[in-house]
Each structure stands twice: as structure tokens, then as C-alpha cells.
Amino acid sequence: MKRIEELWEELEAELASSLFATPSGGNLTRLATPDSGQRLRVGIELPSKVRLLLFSADTVALPPRAAWPECRGLELLIDHGTLGKSTLVIRLRDPRGKDVFTALAEDLAKKAVGGTEADAARRVIAGLARWQRFLASIGRSLSDEARRGLWGELKILEDIIMPCVGIEVAMIAWKGPFGVAQDFQLTDVALEVKTRAAKSPAVVRISSERQLHAEPWKHLILIQVAVDEQDGAGETLPDRISKLRKQVHGHAAAEIFEDALIEACWLDAEEEKHRLRGFVLREVEMFRVEGDFSRLTPPDLPQGIGGVVYDLSLDAVAGHAVLREAVEEILKQSEQ
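For the sequence shown, our numbering gives the first residue as 188, with consecutive numbering after it.
Structure follows, in C-alpha cells:
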């Protein structure tokens, strides 16, 4: 089955061919995937040659305009057809976002499959809403720090959390990309992962007063992952993502994983760029956050103070170190 990017390229090649006279208006379209039936098509707007994604359904199945997300770089239009059918037209407005638009289209193609037209429409609109953050970052890419942090979270996800609680529970627990207080949240356990360069001082950046706030958790664990970054050596971020994709394939958790990658601003089109540097694991340390563990939490702050960011020396909390086996037992018991 052809990927959506190939379909757009074929349409553009047709327009560029001397055998194809460019019309003065309308759209040139093709089915996005066989599985989506007539619901989803890719297209080229004429004569502008702008790329389009078109979702067709019964007019009553499409949510009202007020429910549509505002997506930078895209224009959302409604084309009222005949016989009670309408088409949501997603138009690429910012050409710098071509790679992101392709990834978005591949994602929405999956969401357009199955269920009623109303269900598919809700999934497509919800999918667009999830892409808002990525679309807002068009022209930017994962920073070195973000790439290192994502690799560390995925390392802990695969090596520690998945073996203890299973694939689906682990994927649901991964909250790091969604901006919540801790990277992993289970029933009564939360884990915060900090990935740092091994050559740097043993200090981690705490990004809010809630990150090491033990409430409402029975157990709160801070994990520091120390890595060396090397050009052309070690495991790259694309390697780790590919490995996890194979493990979740066929599970309900696969879609959860892909949604989280979108939130983390991962884009497959940038894979080759992120293959230039790899990570070599040097150390994993775990600390139980409780009692006199050095930290700032909401009760410690004067009224009106928030958004606190501070650096924590791991030497200062060495007395709270806990063995990996103990953390694994806590995880197993939390989901029994």
C-alpha cells in the first residue's frame, strides 16, 4: 500500500507533466488508503497546487465549526456537497510544514477507519487537536536536551516499567510528553525520569514545585539516567522508537504510543537527522522521594509563588537511594 506522501508526489508529478493540462480551479484527489473507503482523500488544490486532506461524511456527522481546533499552518474549511454529504477540507497553508502535514495525514488516515461516520469524524477532529502543539512548532525541531530526555524516558519505559506492569498499562502510564507533573503515573506510584550527560555534574533540573510533591502518591520515585552521547555510536533515538513500535504492534497500546510521540514532537520525517548521535548508558540511579528528601513543594512556597524551577544535587539525596529491585516490586504490587 502506498504511503500518503507518495500519493501527493504522484499527483504533483501529473500536474507537472506536459500531458496534463492544469485546470483553472477545483481539486485533484485520490483515496488516502483503501481501508478508509471514501472518507479520506488526499488532494491538490488547483491552480494553487497546495496540498489538501479531505474527510467526507454525512453533514450531520461532522462536529460544528466551534468544535474544530485552531491549527497553525493549516486552514480548515467545510465544503457542503449534495445528498446530505459534506467534506472537511484540511489545507496546508505554511509550506514549511510539509513534513508535519504528511505525518498528520498518515495519523488521520488510521483514525478515519472503522465505526460510524460520526465516530470517525470525532476521531479525526480529536487527532487534529492533538497535533496543535506540533503544528505550533513548525520550523523548530527536537533540541539536544529534548532528544536525550525522550530517549531516557523510553529506556525506563521498556527496561523497567513494561516488564513489571505489562505493555498496555505501561503505555497508559507514560505521561511525560503531556506536560503533567511526573513522567509516569500508575495507580499509586509516580516516577520522574531525569536524563543527563554523564560528563556533567550529578545535578538534575526540577521543572516545577509539583514534580517532587509526594501527594497523592503512595510511592514517588526519582530516576536519574546518565548517558554518554557519541557521534555515530550507541543507540539512537530512532533505534529506540523502532524497537518499541515492534513491541507494541498489534496491541491497543500502539495508538497510545503514537499519540504520545506526537505530543513529544517526534516526527518520522526527521529520523535521519536524529541518527547522527547515539546514547551509551552509563548509570541508572533511583531515589525514594519522602521525608527529608531535599525539594521544594507547594506547601513550602509563600502564597502567590509558583512555576518554580531549580537544580537538585543528587549527592544531597544519596541517603534516599533505593535498589532497582525494590522499585520493580513496588511497580508490580501497584497493579495487582
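Note that the Cβ used here is the ideal one computed from N, Cα and C, for glycine as well.
On a predicted model such as this, the values are computed, not experimentally measured, just so you know.
- Rounded separation between M188 and T220 - CA only: The sequence position of residue 188 within the sequence shown is 1, counting from 1. The sequence position of residue 220 within the sequence shown is 33, counting from 1. Any reading at M188 is ruled out, since the residue's pLDDT is 48, under 50, leaving its predicted position unreliable.
- Message: To the nearest angstrom, how far is the alpha carbon of L373 from that of R310?
- Response: Sequence index remark: in the sequence shown, residue 373 carries index 186 (1-based). Sequence index remark: in the sequence shown, residue 310 carries index 123 (1-based). Going by the C-alpha atoms only, they are around 26 Å apart.
- Query: Can you name the start and end residues of the alpha helix (DSSP H) that G336 belongs to?
  - Reply: Numbered from 1 along the sequence shown, position 149 holds the residue referred to as residue 336. Per DSSP, G336 belongs to the alpha helix (DSSP H) from D331 to I343.
- If you run the structure through DSSP and keep just helix, strand and coil, what is V435? As a first step, residue 435 is located in the sequence shown; it is residue number 248 there, counting from the start. Looking at V435 - three-state DSSP - the assignment turns out to be helix.
- Have a look at A308 and V276 and give me their C-alpha separation to the nearest angstrom. As a working mapping, residue 308 is identified with position 121 in the sequence shown. As a working mapping, residue 276 is identified with position 89 in the sequence shown. Their Cα atoms are separated by approximately 12 Å.
- Item | L407 versus F480, R335 and E450, residue with shortest Cα-Cα distance | Against the sequence shown, residue 407 aligns to sequence position 220. Of the listed residues, the one whose Cα sits closest to L407 is F480.
- Task: Out of E459, L264 and H436, point me to the one whose CA is closest to G419's CA.
- Result: The count along the sequence shown starts at 1 and reaches residue 419 at position 232. Among E459, L264 and H436, the Cα nearest to that of G419 is on E459.
- Message: Measuring only the C-alpha atoms, how far is W453 from A316?
- Response: As a working note, residue 453 is residue 266 in the sequence shown. As a working note, residue 316 is residue 129 in the sequence shown. Spanning the two alpha carbons is a distance of roughly 16 Å.
- Message: Assuming V412 is part of the beta strand (DSSP E), what are its boundary residues?
- Response: Walking along the sequence shown from the start, residue 412 turns up at place 225. It spans H406 to D418 - the beta strand (DSSP E) in which V412 sits, taken as one unbroken run.
- Message: What would DSSP say about V367, mapped onto helix, strand or coil?
- Response: By one-based count along the sequence shown, residue 367 stands at place 180. Three-state DSSP puts V367 in coil, outside helix and strand.
- Let me know the secondary structure DSSP gives A508 once reduced to three states. Here residue 508 refers to the residue found at position 321 when the sequence shown is read from its first residue. Note: A508 maps to strand in three-state DSSP.
- Query: When you compare each of E379, I449 and V229 to N214 by their alpha carbons, which one comes out closest?
  - Reply: For the purposes of this step, residue 214 is taken as the residue at position 27 of the sequence shown. N214 has its Cα closest to that of V229, out of E379, I449 and V229.
- Query: Applying the criterion that 16 or more other CB atoms from any shown protein chain within 10 Å of the CB defines a buried residue, is G363 buried or exposed?
  - Reply: Residue numbering aside, residue 363 sits at position 176 when the sequence shown is read from its first letter. Per the 10 Å Cβ criterion, buried.
- Task: Quick one: give me the first and last residue of the alpha helix (DSSP H) that R309 is part of.
- Result: The residue labelled residue 309 in the question sits at position 122 within the sequence shown. Run containing R309: E304 to R317, per the alpha helix (DSSP H) assignment.
- Item | Beta-carbon proximity check, V414 vs V467, cutoff 8 Å | Within the sequence shown, the letter at position 227 stands for residue 414. Within the sequence shown, the letter at position 280 stands for residue 467. Cβ distance < 8 Å, so V414 and V467 count as in contact.
- Using 10 angstroms around the beta-carbon of G302, count the other beta-carbons present and answer buried if the total reaches 16, otherwise exposed. Indexing the sequence shown from 1 puts residue 302 at position 115. Answer is exposed; the Cβ neighbour count stays below 16.
- Report yes or no: do three or more beta-carbon pairs, one from the segment 267–276 and one from the segment 243–251, lie closer than 8 Å? yes
- Task: May I ask you to list the residues that DSSP assigns as paired with H267?
- Result: In the sequence shown, residue 267 corresponds to position 80, counting from 1. Answer by DSSP bridge pairing, in chain order: S273.
- From E199 to P282, what distance separates their C-alpha atoms? Here the question's residue 199 lines up with position 12 in the sequence shown. Here the question's residue 282 lines up with position 95 in the sequence shown. Going from the Cα of E199 to the Cα of P282 covers about 14 Å.
- Start and end residues, alpha helix (DSSP H) containing L198: Here residue 198 is taken as the residue at index 11 of the sequence shown, counted from 1. Unbroken alpha helix (DSSP H) run through L198: I191 to A203.
- Query: Any idea if E477 is buried or exposed, counting beta-carbon neighbours within 10 angstroms, 16 or more meaning buried?
  - Reply: As a position in the sequence shown, residue 477 is number 290, starting the count at 1. It is exposed - the Cβ of E477 has fewer than 16 other Cβ atoms within 10 Å.
- Task: Going by CA-CA distance only, name the one from L518, R226 and P388 that's closest to A601.
- Result: With the chain covering 188 to 523 only, the question about residue 601 has no answer from this structure.
- Query: Is DSSP giving I449 helix, strand or coil here?
  - Reply: Start at 1 with the first residue of the sequence shown, and residue 449 comes out as number 262. I449 falls in the helix class under three-state DSSP.
- Message: I need the straight-line Cα distance from D487 to V390, nearest angstrom please.
- Response: As a position in the sequence shown, residue 487 is number 300, starting the count at 1. As a position in the sequence shown, residue 390 is number 203, starting the count at 1. So the two alpha carbons sit approximately 21 Å from each other.
- Message: Going by DSSP in three states, F288 sits in which element: helix, strand or coil?
- Response: For the purposes of this step, residue 288 is identified with residue 101 of the sequence shown, where counting begins at 1. If DSSP states are grouped into helix, strand and coil, F288 belongs with the helices.
- For V352, collect the residues of the same chain with a Cβ closer than 8 Å to its Cβ; drop the 5 residues on either side in sequence, then sort them by chain order. As a first step, residue 352 is located in the sequence shown; it is residue number 165 there, counting from the start. Same-chain partners within the cutoff: A360, L373, L518, K519, S521 and E522.
- Task: Identify every residue that forms a DSSP beta bridge with K381.
- Result: Position 194 of the sequence shown holds residue 381. Bridge partners of K381: Q411.
- Query: Looking at the structure shown, is A244 part of a helix, part of a strand, or coil, going by DSSP?
  - Reply: Position 57 of the sequence shown, counted from the first residue, corresponds to residue 244. Strand.
- Message: Using only the alpha-carbon positions, how far apart do V412 and A254 sit?
- Response: Position 225 of the sequence shown, counted from the start, is the residue given in the question as residue 412. Position 67 of the sequence shown, counted from the start, is the residue given in the question as residue 254. Computed Cα separation, rounded: 41 Å.
- How would you write the range of the beta strand (DSSP E) that I393 sits in, first residue to last? Along the sequence shown, read from residue 1 onward, the residue named residue 393 stands at position 206. Here the beta strand (DSSP E) through I393 covers V390 to I393.
- Look up W255 in the DSSP assignment and give the residues it is bridged to. Within the sequence shown, the letter at position 68 stands for residue 255. W255 pairs with nothing; no bridge assigned.
- Item | Residues bridged to V376 [DSSP beta-bridge criterion] | As a position in the sequence shown, residue 376 is number 189, starting the count at 1. Partner(s): H406.
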